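Novice: Structure below; questions to follow.
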Amino acid sequence: MLLEGKRKVLEQDKEKLIALGRLLASKTKKMIFRSGNAEGADQYFSDGVVSIDSKRLQVIIPYSGHRKKTNKAHETFSLDDINLANFPEVVNQSKTYKNLDRTINHYISGKKSNITMKAAYILRDTIKVIGTDKIRPASFGFFYLDLSDPDSGGTGHTVNVCKQNKVPYIDQRVWFDWLS
22 MLLEGKRKVL
32 EQDKEKLIAL
42 GRLLASKTKK
52 MIFRSGNAEG
62 ADQYFSDGVV
72 SIDSKRLQVI
82 IPYSGHRKKT
92 NKAHETFSLD
102 DINLANFPEV
112 VNQSKTYKNL
122 DRTINHYISG
132 KKSNITMKAA
142 YILRDTIKVI
152 GTDKIRPASF
162 GFFYLDLSDP
172 DSGGTGHTVN
182 VCKQNKVPYI
192 DQRVWFDWLS
C-alpha cells in the first residue's frame, strides 16, 4: 500500500495525513505500508502508521542513509543495494519522466553526481510501484497531491506509474471524507 505525497503540505492538512496512516494501520492487520521517506506527506503518513505498528512500514530510499534520523520503518530498501541492470522495466518506466533518459543512463552506469541523483529519486519512485525481485509490487496507492498541478514532480511520476501499471489509487479528494 503506497502512502505518498508532496513535500509541501498545507498546515490544515498535516493532521489529516497522520490520521489516515493511523486509520489504515488500525483497521487492517497484514497490510504493509510503503513510503519514500521524503519530508512532508510521506513523513506525516508514516507517523500515523508508526503510531499503531512500525513493523508494517516499509521505505524505499534513493541512497543509503537518506533521511536516516527520520526513518522509522521496520524495513528499508536502498537503491544502492539494487542492481538496476537486472530490472529493465524499472529503468524503462523511469525514463518516461521528463527527458531523464540520459541522466538515468549515467546514473545506472555508475556516474554519481548532484545531477544524476535526480534519477535515483525517480527510479526509487518507480520501484515503489512496480517492485523488484525482493520488493512486491504495490496493490493500491493513497496520495496527497498538489491539486493545482497533480502531475508535477516525483509524486506525479509515481501516480503515472500507477496508471501505466493499472495500480488503483485515490487522492485526498476521496480519503479526506473518510476522516470526517
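Okay, so the sequence shown: first residue is 22 according to the numbering used here, each after it adds one.
Yeah, the Cβ is synthetic: ideal placement off N, Cα and C, and Gly gets one too.
Please read all numbers here as calculations on a predicted model, not as lab measurements.
Once the 5 residues before and after His127 are set aside, which same chain residues still bring their CB inside 7 Å of it?
Specialist: Excluding positions up to five away in sequence, the list reads Thr137.
Novice: Using the C-alpha atoms, what's the distance from Cys183 back to Ile151?
Specialist: The alpha-carbon atoms of Ile151 and Cys183 are separated by roughly 8 Å.
Novice: Quick check: the region 88-104 against the region 115-126, are there 3 or more CB pairs under 8 Å?
Specialist: As far as the Cβ criterion goes, the region 88-104 does not touch the region 115-126, which means the pair count is below three.
Novice: Alpha carbon to alpha carbon, what distance is there between Phe108 and Thr153?
Specialist: When rounded, the distance between both Cα atoms is 7 Å.
Novice: Would the region 184-198 count as touching the region 64-74 if we require 3 or more Cβ pairs under 8 Å?
Specialist: Result no; under three Cβ-Cβ pairs closer than 8 Å.
Novice: Can you list the beta strand (DSSP E) stretches of 3 or more residues lying completely in the region 55-95, in chain order?
Specialist: Runs found: 78-82.
Novice: Could you tell me which residues DSSP pairs with Phe98 in its beta bridges?
Specialist: Phe98 pairs with Ile81.
Novice: Span of the alpha helix (DSSP H) holding Glu110?
Specialist: Taken as a continuous stretch (DSSP letters only), the alpha helix (DSSP H) holding Glu110 covers 109-115.
Novice: Just mark Asp170 as buried or exposed, buried being the case when its beta carbon has 16 or more other beta carbons within 10 Å.
Specialist: The residue in question, Asp170, is exposed, as its Cβ has fewer than 16 Cβ neighbours within 10 Å.
Novice: Starting from Ile129, trace the alpha helix (DSSP H) both ways and give me its first and last residue.
Specialist: Element bounds for Ile129: 122-129.
Novice: Beta carbon of Asp146, beta carbon of His95: below 8 Å?
Specialist: In this structure, His95 does not lie closer than 8 Å to Asp146 by Cβ.
Novice: I need the DSSP call for Asp192, collapsed to helix, strand or coil.
Specialist: In this structure, Asp192 counts as strand in the three-state DSSP scheme.
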